[in-house]
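A short worksheet on the structure shown next.
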Amino acid sequence: MSRSAATVSSESRFSHRFDTLQQLARDVLAHARKSGASACEVDVSDGFGQSVTVRRGDVETIEYNRDKAIAVAVYLGQRKGQASTSDFSPAALRETVDAALNIARFTAADPCAGLPDASLLAIDSQELPDLDLYHPWLLSVEAAVDLAKRCETAAFAVSPQVGNSEGATVSTQEGHFVSANSLGFIGGYPT
4 MSRSAATVSS ESRFSHRFDT LQQLARDVLA HARKSGASAC EVDVSDGFGQ SVTVRRGDVE
64 TIEYNRDKAI AVAVYLGQRK GQASTSDFSP AALRETVDAA LNIARFTAAD PCAGLPDASL
124 LAIDSQELPD LDLYHPWLLS VEAAVDLAKR CETAAFAVSP QVGNSEGATV STQEGHFVSA
184 NSLGFIGGYP T
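Under our numbering, read the sequence shown as residues 4 to 194, first letter to last.
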């Protein structure tokens, strides 16, 4: 899969490299197969961001977040079980797959459950199109505070009838993810 230059230059800000997310997905698929799943799909994500809120010209909150998750869906025939975790350790991955399998064992079969037809997937495609979805906004906290204050000031300037404000918030978020399934599809991109 092609990755844009912007992805490579900022990837170090993520907690996990893209190839690590791919390997985690492969590990989940391998454990599901070994544990008896007839099919499996997995999404692995990693991201971070910041949010700044000002109210009536004063900074009210500055928040940072860093998120990661693995969501697994396994199939036993047409019985589906799902589980997720934010722990990327090998033991947690196995436990998450096992939990999804236990759910599937006690779920009624659904004739519509299952993976998509393999002919609809970009399997073994070396060059997927760059959808130009990754536009990181490298905004310092100070710049975010300034922008939020300017936004709130602009709201007050609309009319003298605007006498109060719930505040203005400026948020940034970056992430990347991998989606994979037991039919051989594996792909993802930064957002």
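Even glycine gets a Cβ: it sits at the ideal position worked out from N, Cα and C.
As assigned by DSSP and simplified to three states, the class of residue i
i	result
Ile65	strand
Asn167	coil
Leu131	coil
Ser15	helix
7 Å Cβ shell around residue i - same chain, five flanking residues per side excluded
i	result
Ser38	Val100, Asp101 and Leu104
Ala146	none
Val148	Val55, Val57 and Val62
Trp140	Thr175
Rounded separation between residue i and residue j - CA only
i	j	result
Ala116	Ala86	16 Å
Asp113	Ile189	25 Å
His138	Ala72	22 Å
Ser208	Gly84	A query on residue 208 cannot be resolved here, the shown segment of the chain reaching from 4 to 194 and no further.
Gly187	Val181	13 Å
Met4	Glu130	Here the model assigns Met4 a pLDDT of 37, short of 50, so the residue's position is not dependable, and the following value carries that caveat. One C-alpha to the other measures close to 5 Å.
Asp30	Val47	11 Å
Contacting residues, own chain, Cβ-Cβ under 8 Å from residue i (five flanking each side not counted)
i	result
Gly60	Lys152, Glu155 and Thr156
Cut-off 6 Å between Cβ atoms - residues of its own chain near residue i, not counting five sequence neighbours on either side
i	result
Thr56	Glu63, Thr64, Gly170 and Thr172
Leu150	Val173
Residues bridged to residue i [DSSP beta-bridge criterion]
i	result
Ile126	None, per the DSSP bridge assignment.
Gly50	Asp70 and Gly178
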